[in-house]
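Worksheet: one structure, shown below.
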Amino acid sequence: LYQLRQLSWLGRITIIICSIFLSQYLPAELGRLSTVSWKRWEFWLWPRALVRPDISDPPSLPDVTAQQQQVHRLYAPSTVSLDFRTPMGSNRNSPIPNHMIHGDRSYRTGPDEELPPISEEATPSPIIRRTLSVEDRRYKEEGEQVLQQMLEFTSSNDSWKFERTADGVTFRSRTWQGKKIWKAEKEMELGAGQLWNILYPGNEMPLWNPQCTLNESVYKVDEETDVVYSVTSAVGPVSSRDFVSLRQILRRDDFFISASVATTFSQKPAQPGKVRGENGPCGYKVVHIDDNRCLYIWVLNTDLKGWLPQSIIDQTFCGVITGTFKKLRQFIEQRRSEGRL
Numbered sequence: 001l002y003q004l005r006q007l008s009w010l011g012r013i014t015i016i017i018c019s020i021f022l023s024q025y026l027p028a029e030l031g032r033l034s035t036v037s038w039k040r041w042e043f044w045l046w047p048r049a050l051v052r053p054d055i056s057d058p059p060s061l062p063d064v065t066a067q068q069q070q071v072h073r074l075y076a077p078s079t080v081s082l083d084f085r086t087p088m089g090s091n092r093n094s095p096i097p098n099h100m101i102h103g104d105r106s107y108r109t110g111p112d113e114e115l116p117p118i119s120e121e122a123t124p125s126p127i128i129r130r131t132l133s134v135e136d137r138r139y140k141e142e143g144e145q146v147l148q149q150m151l152e153f154t155s156s157n158d159s160w161k162f163e164r165t166a167d168g169v170t171f172r173s174r175t176w177q178g179k180k181i182w183k184a185e186k187e188m189e190l191g192a193g194q195l196w197n198i199l200y201p202g203n204e205m206p207l208w209n210p211q212c213t214l215n216e217s218v219y220k221v222d223e224e225t226d227v228v229y230s231v232t233s234a235v236g237p238v239s240s241r242d243f244v245s246l247r248q249i250l251r252r253d254d255f256f257i258s259a260s261v262a263t264t265f266s267q268k269p270a271q272p273g274k275v276r277g278e279n280g281p282c283g284y285k286v287v288h289i290d291d292n293r294c295l296y297i298w299v300l301n302t303d304l305k306g307w308l309p310q311s312i313i314d315q316t317f318c319g320v321i322t323g324t325f326k327k328l329r330q331f332i333e334q335r336r337s338e339g340r341l
């Protein structure tokens, strides 16, 4: 202070200006230097609070591209390619013959021409696909296989042997993989869609099938594939059986089909004292005739297990089928009288 007093007023002003310059501008210039030594001197000589930010070097922004890639990995479509069939009005990827012969009648089972592919612009919303588990993928593969087999069973009668006709039901049989299977056909006096709503999903089956005491879906893979647990009552020499089946459905403008085959499901193991039956490829198909009539095709391919002669099995199956069609017809008439059809 004593030395400042000895200076002239011009010297004092010069020192003040230099001090302001050094404290305001020099630290900012030093801060732009990239060497470690300058930044170390900057830290010790001038507090960082006094360093003016460098506007020409904006702060780095987060890597948006990396974040987008991470989101894409989390929500990308499943790598499992599944052919989900269009529920109504499309026959793409479905080897379905256009006509089926039943007796002296010909029924149209599919469109005469291949439908054009669905335009992406016509799709109202994007398809959301989920990753399937290993078990679900197995169910889907088995479901597609049994569906194709049922389409082959029901598309023609060429490989089937005529057995008999009883109460309006036509019985046919054939040998498939070394065992005898049955097919029953009957015209029903209601529309195909109405009959399908009675048959599927099958929770009401005990109301019209006297041999069925329980039929419920216990696991759902998607809208077309599920696991069904069913229990049948004793019929003559055949004791009660329970079944665990994989079910695959297909819906078209001119027909509906439900295909089933035996499968395993951890929550429904075999129970002591109850015989676990097994279904080979089987199911039913409802074919449109007109607004008030349809053709009901029922394929039975069941291994009842146990030591049962084939003659008893054949007699039991024919009796069960005839009785079931009769009860189903009565159930339909009851629904009509209640105004529910």
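Residue 1 is where the sequence shown starts when you use UniProt numbering, and the numbers rise one by one after that.
Even glycine gets a Cβ: it sits at the ideal position worked out from N, Cα and C.
In this text the structure is predicted, and so the values were computed from the model without any measurement.
| Query | Result |
| --- | --- |
| Which same chain residues, not among the five before or five after Leu326, have their C-beta less than 7 angstroms away from its C-beta? | It is Lys, not Leu, that sits at residue 326 in the sequence shown. Closer than 7 angstroms at the Cβ level, and outside the excluded window around Lys326, lie Asp167. |
| Could you check whether the segment 158-177 touches the segment 247-267, counting it as contact only if at least three pairs of C-beta atoms, one from each stretch, sit closer than 8 angstroms? | no |
| Would you tell me roughly how many angstroms separate the C-alpha atoms of Lys285 and Ile321, rounded to the nearest one? | 15 angstroms |
| Between which two residues does the alpha helix (DSSP H) carrying Ser173 extend? | From DSSP, Ser173 is part of no alpha helix (DSSP H) but of the beta strand (DSSP E) over 169-176. |
| Give the straight-line distance between the Cα atoms of Thr109 and Leu199, rounded to the nearest whole angstrom. | With a pLDDT of only 48 at Thr109, under 50, the local geometry of the prediction cannot be trusted, and the value read off the model is given with reservation. Cα to Cα, the separation comes out at about 19 angstroms. |
| Less than 7 angstroms between C-beta atoms, sequence neighbours within five positions excluded: which residues of the same chain meet that for Asp226? | Ser217, Tyr219, Lys220, Arg247 |
| Is Glu187 closer than 8 angstroms to Arg293 when the C-beta atoms are compared? | yes |
| Determine whether the beta carbon atoms of Lys162 and Cys318 lie at a separation below 8 angstroms. | The question names Lys, yet the displayed sequence has Phe at residue 162. Contact: no. |
| Using a Cβ-Cβ cutoff of less than 8 angstroms, which residues in the same chain neighbour Gln330 once the five nearest sequence positions on both sides are dropped? | Trp208 |
| With a Cβ-Cβ cutoff of 8 angstroms, do Leu304 and Ile313 count as a contact? | yes |
| Would you kindly work out how many angstroms separate the C-alpha atoms of Gln149 and Tyr296, rounded to a whole number? | 17 angstroms |
| What separation, rounded to the nearest whole angstrom, lies between the Cα atoms of Gly191 and Gly273? | 42 angstroms |
| Return the Cβ separation of Asn215 and Gly236 in integer angstroms, given the expectation that the two are a contact with Cβ distance under 8 angstroms. | That belief does not hold up - the Cβ atoms of Asn215 and Gly236 are roughly 21 angstroms apart, past 8 angstroms. |
| Among residues of its own chain, excluding the 5 on either side of Glu142, which ones have a beta-carbon nearer than 7 angstroms to its beta-carbon? | Leu246, Val261, Thr263 |
| Can you tell me whether Val287 is buried or exposed? The criterion is at least 16 other CB atoms within 10 Å of its CB, across all chains shown. | buried |
| Would you tell me roughly how many angstroms separate the C-alpha atoms of Ala270 and Ala234, rounded to the nearest one? | 17 angstroms |
| Rounded to whole angstroms, what is the Cα-Cα separation between Ile332 and Gln194? | 10 angstroms |
| For a quick check, are the C-beta atoms of Val231 and Ser239 less than 8 angstroms apart? | no |
| Do you know how far the Cα of Asp291 is from the Cα of Gly339? | 17 angstroms |
| Should Glu152 be labelled buried (16 or more other beta-carbon atoms within 10 Å of its own) or exposed? | exposed |
| Mapping the DSSP letters down to three states, classify Trp196 as helix, strand or coil. | helix |
| Kindly list the residues whose CB is nearer than 7 angstroms to the CB of Val275, restricted to its own chain and excluding five residues on each side of it in sequence; keep chain order. | Ser239, Arg241, Lys305, Gly306 |
| Can you tell me whether DSSP reads Val227 as helix, strand or coil? | strand |
| Could you tell me the boundaries of the beta strand (DSSP E) in which Gln248 lies? | 241-251 |
| Mapping DSSP to helix, strand and coil, what is Arg335? | helix |
| When the Cα atoms are used, what is the spatial distance from Pro309 to Ser133? | 41 angstroms |
| Opposite Phe317 in the DSSP bridges: which residues? | For Phe317, which the question treats as bridged, DSSP gives no partner whatsoever. |
| Could you tell me if Thr14 is buried or exposed, where buried requires 16 or more neighbouring beta carbons within 10 angstroms of its beta carbon? | exposed |
| Could you check the C-alpha separation between Arg174 and Asp222 for me, to the nearest Å? | 32 angstroms |
| Assuming Asn279 contacts Thr316 under a Cβ cut-off of 8 angstroms, what Cβ separation, rounded to an integer in Å, is found between them? | The Cβ separation is near 15 angstroms, so there is no contact. |
| I need the DSSP call for Glu152, collapsed to helix, strand or coil. | helix |
| Which residue marks the beginning of the alpha helix (DSSP H) containing Leu207, and which one marks its end? | 205-208 |
| Just to check, is the beta-carbon of Arg247 closer than 7 angstroms to a non-hydrogen atom of the ligand SAM? | No copy of the ligand SAM occurs in the structure displayed, which carries no ligand at all. |
| Could you tell me the alpha carbon to alpha carbon distance between Ser337 and Leu328, rounded to whole angstroms? | 14 angstroms |
| For the beta strand (DSSP E) that contains Thr165, what are its first and last residues? | 161-166 |
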